[in-house]
Structure formats: C-alpha cells, structure tokens
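A.B. asks: Here it is, the structure in full.
Protein chains in written order, with this note's numbering: chain P, 765 to 1006; chain S, 765 to 1006.
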C-alpha cells in the first residue's frame, strides 16, 4: 500500500474565489479534512470551506486546549500546546499510514504565522507533506483599503500585537509601510503605540478582509464598530511614484 | 453603452496552479490583455499566462522606456516613466469607453511593489478598476524553502535591494525574519549588508519560485548558480514554537 500525503492548504483571506486553483481542486476532492478550532466553536477555517468539501469527507476538528487561565510565560502553557500538536500530528500520520490523503485547512498562508507550522515541524521527516501557499490575510486587507501597501523603496514591517508597547512604537516609527496582525485583546496597546509613533491617523483597520462581512475603516474612526479579533491594521507606504 | 472595467489581476509567483480561481476565470475569458515588458523581451507576466488566455484576445504590450542611461536621481527619469504610465493609462481608459473589459497582468500581488499601481493611481477616479490580490512572490519563495517564515512574535521586515548598504545592514540587524526583493544588480551590496548584520549564513536565495526552473539554495553556496534578477532572499524567523 502506498502511504498517503498531508496537504497543508492555505485558504487565503476567506473568499473561496481567491483560493488558488490547486487549493480549490484539493478541497473539492478531499476525503479527510482536518482543521483547528476553539472548543465549542465551528472554526473560521471550516466555515470558509462550507459547501466546497465533499459531504462524505471525514472531518477531524483539532480543538485547542483551554489555556486562557495560564500565562504565556508559564512552562505549562507550552507543554499543553505541545502535547496537543503531538496528538494531532500522530493522528494525521496514522491516516497516511492507512494510505489516506489528508487536507489540513489553514487560514491565510500556512507558513506565515500559521498554526499548521507546528504540525508541519512534527511531520516533515515522518510523512509526505506538501504546503500550498495562499494569499495572506494582509494582502486581502491592503487590497480592501483600495491603496497599494508599498511603493518604490518602501520598507514594510509586519508586527504582531502581542509585542511589548515600547517595542511596537519604536518599530512603527522606523518603517515606511506597516501591517499589524494578531490584534485581538492588544488593540488598545497597539493604538497607543501608533500614537507614539505618529502613525495613528494614517492607520486603517480591516475586519474580515475579502469576506461578505468585510469592514474597512480609518482606525481613528473605528471606535467600537470593528471587532479587533479578525482584524488587521494597515499603514500604507508613501514611496516614489512616477 | 455600459463602460468596460479594468482588472488588475495578480498572477502570483508564476505557477498557473497557484493563481486564484478568480484570476484563472478572468484570464480564460479575457478579450483584452495588457502587460508590461522590457523592450525586445517577451515579458515575464505574459509568459506565465501562455496557453491560458484566449487565442483571439487583443494583446497590449506596454514597453518600458529605455532609462538605463539615466540616473534615478535625474528628474528626467521620473518624467519619462510618468509619461509612459500616462500613455498606457489613456489607452486602457479608451478601451473601457468603448465598452471593453481589460485584464492587466501583474506578477505577484498588484499592490505589493507592483508596476500596476502606477496605472491604478491614474485610473481609479476615471474608470471602474478592480484589483485581484494574489500570492506574493515572497510567499512563493518562503514556501519553496520548506520552512515557515514567521513564528510566534517574530517581526518580519521586507526590504528592497535598492536601499543604501548601511540602511540595509541596520534594518537587517533589527528584525527576526527578513525578505529582500528587487535584488538584481544590488546582489553584492545585499550580501555585504547581510554579513554586517550577521545574517549571511542563515540566508536563502530562491530563483523563479514555484516555477519549473525554480532554484532554492543557501545564499552562501549560491555563487554564480543563481541569477539574482528573478530571485528573492529569505531569512527565516526563529520565534516561539511549542
């Protein structure tokens, strides 16, 4: 029997029409579909492929352990996550040993701050794994603003909202174009850092980029109209433009 | 008569299988196809869609003016490019006024260091323009290396090789993950900056990412085996990985 293959398939920002032709084909022919989700939630990645994957596909929801009570710095946090990824990887590997191919759903691009990377690193030497790149969430977001992100010699910096405020502010002050990911509960800190860096009034926030419920607003006007969790902040570069 | 529409269609890194479903559909139904190329060359974007666009599509090659003899700092350089973009934009606009839709081919993602942006800025208030985002060349490149670009809290910096050496070296020294675009004739300067920043031996170079002639090498081992012009340099982040 030939061993099966694991496909880490990037779904892009969320519009099925913006998935790659390869992702579309893999999804529509999938027999096993694995995806991450929070306990008790349907999962954003799974929602995106609604109506695309075959009805008889076997689904494998990978539910994150509940870690909200544990500080990031506690070794227990890493241990719990590590055990979780080990378990998921073992299941995927066992499927390939039965000759089955598995599609793992990845929001955005799998190798860009994705959870799939933690499975990939555990499986790469033990199974046949193919990664299908995708349009990043940030590409979806800057396209939604209707303005290019980088011109000419512009430097682009991508930051995550989980960084310390001083670090955020200093890096913001030294870039031309900026993307901030993983905002969520860090939104107030990110806003303060943007003010310190003198970028606040140039910033845009995009929620659910490229999805039917997309919202695009100046950050300074967004107030409570945008939920930070599924949002990306964009500051456009101002480089040379003949 | 209804006015036509201009589509700035991102082609992604170069593999037709990695184009978006929307891009694929627009290309296969195109009646007018515009693309940039250097004088006397067939053009990389046009090559990528070989066999995809209809045989009877009307092609509009937009040939860059020859500016190699003019320094970037000479105002004439900007004037020549500006006149060129004005002329191209005027032609596209006249097609839409005749009710025709036009697909403009864009390598990578149109809003990420793309030439299309110069047409877009001239047309956005005068015509109906839609931008179709795509997988960036850098996504294609980091996927080709087989290693994720960013983990956990990693900062990603994207630089262009045209920046001064000191600037390059300083920014390289202050990032976790790095992408260098527009390498070309700047390769030696970029290599020196990577050495100064202590990153040289962690750097990869990817030529023709996601294309049949793709090459992936450690930069320190690439020597003359890789042509810098169609290459992207990648240094992977080392962030938290449970």
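C-beta: ideal position from N, C-alpha, C; glycine also.
These figures come from a predicted structure and were not determined experimentally.
Is the Cβ of residue 968/P closer than 8 angstroms to any Cβ of chain S?
C.D. replies: Chain S contact via Cβ: absent.
A.B. asks: Do we get a CB-CB distance below 8 angstroms when we pair residue 863/S with the residues of chain P?
C.D. replies: no
A.B. asks: Does any C-beta atom of chain S lie closer than 8 angstroms to the C-beta of residue 900/P?
C.D. replies: yes
A.B. asks: Per DSSP, which residues does residue 900/S bridge with? Please list them.
C.D. replies: Residue 900/S pairs with nothing; no bridge assigned.
A.B. asks: What residues in the segment 899 to 922 of chain S bring their beta carbon closer than 7 angstroms to a beta carbon of chain P?
C.D. replies: 899, 900, 903, 904, 906, 907, 912, 913, 914, 915, 917, 919, 920, 921, 922
A.B. asks: Would you mind working out which of 968/P, 969/P, 768/P, 973/P sits nearest residue 864/P, comparing C-alpha positions?
C.D. replies: 768/P
A.B. asks: If we ignore side chains and look at the alpha-carbon of each, how far apart do residue 871/P and residue 772/S end up?
C.D. replies: 24 angstroms
A.B. asks: When Cβ atoms are compared, which residues of the segment 839 to 872 of chain P fall closer than 7 angstroms to chain S?
C.D. replies: 842, 845, 846, 849
A.B. asks: Does the segment 993 to 1005 of chain S come close enough to the segment 898 to 912 of chain S that 3 or more CB-CB pairs lie under 8 angstroms?
C.D. replies: yes
A.B. asks: Provide the residue span of the beta strand (DSSP E) that contains residue 869/P, from first to last.
C.D. replies: 866 to 870
A.B. asks: Using only the alpha-carbon positions, how far apart do residue 765/S and residue 888/S sit?
C.D. replies: One Cα belongs to residue 765/S, the other to residue 888/S, and the distance between them is close to 20 angstroms.
A.B. asks: Taking only the alpha-carbon atoms, compute the straight-line gap between residue 822/P and residue 796/P and give it to the nearest angstrom.
C.D. replies: 5 angstroms
A.B. asks: Anyone know if the C-beta pair for residue 794/P and residue 826/P falls short of 8 angstroms?
C.D. replies: no
A.B. asks: Roughly how many whole angstroms lie between the Cα atoms of residue 921/S and residue 813/S?
C.D. replies: 30 angstroms
A.B. asks: On the DSSP bridge list, what partners appear for residue 801/P?
C.D. replies: 827/P
A.B. asks: Which of the three DSSP states, helix, strand or coil, is assigned to residue 921/S?
C.D. replies: strand
A.B. asks: Label residue 839/P either buried or exposed according to how many other C-beta atoms from any shown protein chain fall within 10 Å of its C-beta, with 16 as the threshold for buried.
C.D. replies: Per the 10 Å Cβ criterion, exposed.
A.B. asks: Just to confirm the assignment, what range does the alpha helix (DSSP H) spanning residue 768/P have?
C.D. replies: Residue 768/P -> no alpha helix (DSSP H), and no H or E assigned at all.
A.B. asks: Can you give me the C-alpha to C-alpha distance between residue 943/S and residue 820/S, rounded to a whole angstrom?
C.D. replies: Using only the alpha carbons, I get a separation of about 39 angstroms.
A.B. asks: Quick one, which residues of the segment 919 to 948 of chain P are near chain S if we go by CB-CB under 7 angstroms, in chain order?
C.D. replies: Cβ contacts with chain S: 919, 920, 921, 922, 923, 924, 926, 927, 935.
A.B. asks: Hey, residue 961/S and residue 936/S: beta-carbon distance below 8 angstroms or not?
C.D. replies: In contact: residue 961/S and residue 936/S (Cβ atoms closer than 8 angstroms).
A.B. asks: Against chain P, does residue 877/S count as a neighbour if the rule is that its beta carbon must be under 8 angstroms from one of theirs?
C.D. replies: yes
A.B. asks: When the cut-off is 8 angstroms and only beta carbons count, does residue 977/P lie next to chain S?
C.D. replies: no
A.B. asks: Taking all protein chains shown into account, do 16 or more other C-beta atoms lie within 10 angstroms of the C-beta of residue 787/S, making it buried, or fewer, making it exposed?
C.D. replies: With a 10 Å radius around the Cβ and a threshold of 16 neighbouring Cβ atoms, residue 787/S comes out buried.
A.B. asks: Where do the ends of the alpha helix (DSSP H) carrying residue 971/P lie?
C.D. replies: Unbroken run through residue 971/P is the beta strand (DSSP E), 967 to 971; no alpha helix (DSSP H).
A.B. asks: What residues in its chain sit with their C-beta under 6 angstroms from that of residue 848/P, if we drop five residues either side in the sequence?
C.D. replies: 829
A.B. asks: By how many angstroms is the C-alpha of residue 894/P removed from the C-alpha of residue 808/P?
C.D. replies: 22 angstroms
A.B. asks: Run down chain P in chain order and give the residues with a C-beta less than 7 angstroms from the C-beta of residue 1006/S.
C.D. replies: 842, 845, 846, 849, 882, listed in chain order.
A.B. asks: For a quick check, are the C-beta atoms of residue 853/P and residue 774/P less than 8 angstroms apart?
C.D. replies: No, the pair does not count as a contact, with Cβ atoms beyond the cut-off.
A.B. asks: Rounded to the nearest angstrom, how far is the Cβ of residue 868/P from that of residue 790/P, given a contact under 8 angstroms?
C.D. replies: At roughly 10 angstroms, the Cβ-Cβ gap does not stay under 8 angstroms, so residue 868/P and residue 790/P are not in contact.
A.B. asks: Report all residues from its chain with a CB closer than 7 angstroms to the CB of residue 957/S; omit the five preceding and five following residues, and keep chain order.
C.D. replies: So the qualifying residues of the chain are 929, 932, 933, 936.
A.B. asks: Who pairs with residue 929/S in a beta bridge, going by DSSP?
C.D. replies: In the DSSP output, where bridge partners are listed per residue, residue 929/S has none listed.
A.B. asks: With distances taken from CA atoms, which of 1005/S, 975/S, 969/S, 1006/S is nearest residue 988/S?
C.D. replies: For the options 1005/S, 975/S, 969/S, 1006/S, the alpha carbon positioned closest to that of residue 988/S is the one of 969/S.
A.B. asks: Sorted by chain position, which residues of the same chain lie with C-beta nearer than 7 angstroms to residue 1037/P's C-beta, five sequence neighbours on each side aside?
C.D. replies: In the structure displayed, chain P extends from 765 to 1006; residue 1037/P sits before or after that span and is not available.
A.B. asks: What did DSSP end up calling residue 796/P once you bin it into helix, strand or coil?
C.D. replies: strand
A.B. asks: Hey, would you say residue 955/P sits closer than 8 angstroms to residue 926/P, going by beta carbons?
C.D. replies: no
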